[in-house]
Structure formats: C-alpha cells, structure tokens
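Have a look at the structure below, then the notes.
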Amino acid sequence: MSSGALGPEPKEIWDEIGESDSERDKKLLHIEQECLDIYRRNVDKERKYKAELHLSLAEAEAEISKLVSALGEQVSLPLSGKMKGTLKKKLGVIDPVLKDIQTKKHERIQEFLNIETQIAAICAEIAGNDRVISPTDVQVNEQDLTAKRLAELKSHLQELQSEKNLRLQRVNSYMSAIHELTVVMSLDFKKIIANINPSLANHLNGQSKSISNETLANLTSEVNSLKQLKQQRLERIQDLGSSLIELWNLMDMPMEEQLRFNHITSLVSSCIDEITRQGSLDIHIIEQAEVEVERLSALKTSKLRELIFKRQNELEEIYRSVHMDVDSETARQILIQLMESGSDLSGLLSSMDDQVVKAKEEVASRKDVLDKVEKWKHASQEESWLDEYEKDENRYSAGKGVHINLKRAEKARILVSKIPSLVENLTAKIKAWEKERGIPFLYHKAPLLHTLEEYIISRQEKQEEKRRSREQKRLQDQFAAEQENIYGSKSAKKPLGNANTVPGTPNSRRMSTASGRYGASIGKEKRGSGHVGAVIPVNYVALAKEDQKSGGL
C-alpha cells in the first residue's frame, strides 16, 4: 500500500505545522512504540487462542474420559498428542464424540431418574409417607451411570414392585376378611377400614391403597379383633341357643315357638368357620335371644312344677302298663313337700326323668315275662269258658252261633292242653328274672311266682274235682241203668217223647241225668224200706276207685 493512499506523509504535515526535528523524533518513536504494542497484543491474543484451543482439547479429552468412566463404556478415540493435524482439526474430531457421549449421559440420567423415582415412590408407600414423589425429589449420582448400576436399580425396582404387589394382596386379603366378618356381624365395613387408613375407603376415587407397615399391622390387628368378637358372639349365641333348647325341652314349647329362633339354635353345633350367612351374629339377634331366655326363665318355675307332675303321671302310667301298682297319693305328697321346701326344681325334674328312664328299662326287662303272663291269662280264660261251655247241656242244640262255639271249644282244648308248658316256662322266666335282680316279680302288688303256685294248686284241685264229678256221673249213670233193668216196667211208663232218644245226644244226656235223679229217689225209698246197701254215697265214687286201684297194685 502506497503512502499516498494513507494520506499525506507525516513529514509534509510536520513541515506544514513547523515541528522541530526533536519533536518529530519523539512522535516517530511514540508511533513505533504503539505499533509494537499492537503487534505484541495481537501475538498474545493468538497465543491465548492457541492456549484456549489446547485447553479445550484437553478439557474435551478429560470430559470424554470422565463420561466414559461414568457410563462404563469404551470409546475408540486416539489421544490428541498422537493425532496429526492442527488444533482445530483435532477439536473437529473430538467435539462430535464428546457431544455423542454427553447425549448418552443425558439419556442414561433420565433412565436412572425414572427408576430411582419409582423406587423412592414405592419406598415412600411402604414407609407410609403420603407425599407424592416427583423427579425433582430424586438426586441421581452422575458419577456412576454404568449399565451395571442401572441393571441393579432395575432389579431392585422389580423386587420393590413384587413387594408392593404382595402387600397389596395382603391388604386386599385383610379387607376381604374384614368385609366377611362385618357382614356376618352387621358392622359398618367402610367406617372400620376408614379408621385404619382413609386411602382404603377412598381407593375407588383414584387414591391408591396404603401398603405401609403400619397399615398392614392395623389391618392384622383389626382382623384378629373381629375374629375374637365373632368367636365371642358365636359362643354367646350358642350358650343362648343351648339355654333355649333346654328351656323348650323342659317346658314342652310348641314347634311354632321354637321355629322363631331356629336361626339361633341352628348355630349351637356350628364351628366358627361355618358361620358366613349375613347378619348371623348381629348384636340385635343376640339381644332378642337374651330377652327370650329371660322370659322363659321367668316361666320356668311354674312350668317345672307342671312338668314334674306330668313326669309323675307318666311314671304311674308306665308302671300300670306292666301291672305294677304305685302309691300315687304318697308320691305326690312327697313331690309337693320337696317343691315347697325350696328344692332345686331342675334337679328334681332330672331325677324324675331318670326314674322314667329306669321305669322304661324295667318295662323292657318285664316284657318277656308279661307276654307270657298274657298268654297264660288268655289260656286260663279260655279254660274257664270251656268249663262253662261243657256244663251247658244244650251246647249241641241247633241254633245261632253253635258252629262258632264248637270251633272256639276246639281251639280252647288245644290251648288248655298247653297250659302246663306255659306255666312251666313262665315260672322259669320269673325265677331267672328274680335271680338276676334279687327282688320278687310283683304283679298287682303280689309276687307273681306265689300267684302261679296258687294257680297250679287251684287248677289241680279243679281238675281233681272235675275227675271226681265225671266218675260220680259215670257211676250214677251206671246205677241208673241197673235200676232200669231191675224196674223195667217203670221205665216203660215214661213218656213216648223220650222213647226215640239216641244215646249220646243232648236229650239222652238229659235222660241219663233224669234217670240218675230217679235212681236217687228210688234209693231213698229203699232206705225207707230197709234196703240200706243199695244207696251209694257221693264221695264213694272216688274213694272206691282209689281203693280198687290200690288193690289192683
């Protein structure tokens, strides 16, 4: 560049101004110094820029090393000292690598932040901290952003999520158990769980359920408390149900009255796990049962008196059914005295029940003997009927019911023939019964064995009498026949109506009897005329027969 282009020369200017040479030298020196200073400043600036480039390069390399270390990744990048080219070229190579690693760092930090925020939130839920956790509340350690560390956090997050799920399951299980218990006992489910933690009652509104240790502990405690309350109520209802059943049995309450409290008595034998019906253990049901038990207890005394006398009547009926006499009047007087003396009526009724049971056992033990007694009595009655029947001389006459009596007589003879074996078997049964119990078998206040012995003796006497009677009748008939042979002319004078009588018919029997009577009258006549030996005494029949038998022996 020419000096003309820069303007007039300094010499011309100084000449025009009139500067001296010394002044001119000073100003030239000053200009030179200023130019030197400018040059130096520019050189320093360039040197500084160069140093900055070196620093930037070093810092970039250091940052890359730091990021690589934090991320735990390998980057294939040669050191700047080994790189060829200018500083700007080297920076041009390093800067893209640095930016790429910084992008990875930012992404990695976001991953850590997301995971650690979730971990912090779950930990806060477990700790019972209701404050919402945001990413700003989490501090990520940028010194360790390795994939290994990230994997560890992810694993820890999964464990916490599993723990959270398990806790939620436990919470839901406890809430379900509480709901079942409150339904059975008619309690306010929402109020109970809201007292434990409001989030449990408001979870339907979007609020998450509390899973804290405190909440779980309170839920566990509440379930145990409700189970204890359920057990207490069940035991109370079972006690009331047992009392109701006992009172009903004592007082013979009608079934309609009992059905009103069937929902209570049906639980008497139930175990606690079987009680699931809604309102089964409602406190109002327990109160109703208590009122009913109190009402029945108030009626118990008068009803117990009635039942005691009812048991006495039952006892008397049982004894009468087996022909055992009871002193009813004395027994009732004793019962009245016991009741008026303040004795335990329940115990007295229980004693009466025991007596009824023993009486029924007594009936069972006497049944076999009494069955045989009935057979014996029936046979005896038939024997008596047969005796009367055979005394009837008109029993074979044609008439209404004759064939029925003939059949009955035939059966009666068969039955009478079995009387000895019946009596023998009955005697054996009585003796076995008395030996087993050590007491006599009473029948209408008398020992049955003694009654049988008297019957056997009486029957033997009757049979002997019948035998004598038959023998006497046979001799009388024989005597009458002999008289007819002797006094045939008199018998010829008998009415013609008897001439056609056939022996063995009723008429012939009547005729024989009549002849016997006639023979007796003739005997009297002979006694009157001195023929004493022709008369036969009444008791002579049997005696004569026995003498003949002994003579024959």
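If you count by the numbering used here, then the sequence shown holds residues 2 to 554, one letter each, in order.
Heads up, the beta-carbon is just placed ideally off N, CA and C, and yes, glycines get one too.
Per DSSP, residue i forms a beta bridge with which residues?
i	result
PRO448	LEU443
Is it the case that the Cβ atoms of residue i and residue j are separated by a distance below 8 Å?
i	j	result
LEU251	LYS311	no
ILE309	LEU248	no
SER200	LYS210	yes
LEU220	ILE197	yes
VAL424	TRP386	no
ALA71	LEU146	yes
VAL139	ILE179	no
GLY93	ASN214	no
ILE194	ARG237	no
LEU1	VAL357	Because the chain spans 2 through 554 in this model, residue 1 falls outside it and cannot be assessed.
ALA290	ILE265	yes
GLU126	ILE212	yes
ILE431	VAL370	yes
VAL69	PHE113	no
LEU316	ALA365	no
ALA61	ILE95	yes
SER268	LEU235	According to the sequence as given, residue 268 is Leu; it is not Ser. Result yes, Cβ atoms of LEU268 and LEU235 sit closer than 8 Å.
MET353	GLN313	yes
MET325	LEU450	no
ARG168	LEU217	yes
LYS165	GLY73	no
GLU363	THR277	no
ALA410	TYR397	no
ILE116	GLU143	no
LYS1	LEU88	Only positions 2 to 554 of the chain appear in the structure, and residue 1 is not among them; the question remains open.
GLU295	PHE262	no
Specify, as a first and last residue, the run of the alpha helix (DSSP H) that residue i falls within.
i	result
MET254	Segment: none, MET254 is in no alpha helix (DSSP H) and carries neither H nor E.
ILE194	190 to 197
GLU291	284 to 322
LEU336	329 to 341
ASP16	11 to 18
ILE273	First-last for ILE273: undefined, no H or E at that position.
ILE265	263 to 266
At a threshold of 7 Å, does residue i count as lining the ligand GDP (C-beta to nearest heavy atom)?
i	result
GLN464	This structure lacks the ligand GDP; in fact it carries no ligand of any kind.
Do the stretch 330 to 342 and the stretch 402 to 415 meet, that is, are 3 or more Cβ pairs less than 8 Å apart?
no
Uninterrupted alpha helix (DSSP H) stretches inside the stretch 46 to 134 (no shorter than 4 residues)
Whole alpha helix (DSSP H) segments, 4+ residues: 88 to 128.
Is it a yes or a no for the stretch 382 to 389 touching the stretch 349 to 363, going by three-plus beta-carbon pairs under 8 Å?
The stretch 382 to 389 vs the stretch 349 to 363: no contact.
Inter-stretch contact at 8 Å, needing at least 3 Cβ pairs: the stretch 134 to 148 / the stretch 85 to 102:
With contact defined as three or more Cβ pairs closer than 8 Å, the stretch 134 to 148 and the stretch 85 to 102 are not in contact.
Could you tell me whether the stretch 150 to 157 touches the stretch 232 to 247, where touching means 3 or more Cβ pairs closer than 8 Å?
no
Across the stretch 280 to 289 and the stretch 171 to 189, are there enough close Cβ pairs to call them in contact, namely three or more that are closer than 8 Å?
yes
Using a Cβ distance threshold of 8 Å, determine whether the stretch 48 to 66 contacts the stretch 21 to 33, with at least three qualifying pairs required.
Result no; under three Cβ-Cβ pairs closer than 8 Å.
What runs of the alpha helix (DSSP H), each 4 residues or longer, lie entirely inside the stretch 380 to 433?
403 to 418
Inside the stretch 132 to 173 only - beta strand (DSSP E) runs reaching at least 3 residues:
None, since the stretch 132 to 173 contains no complete beta strand (DSSP E) of that length.
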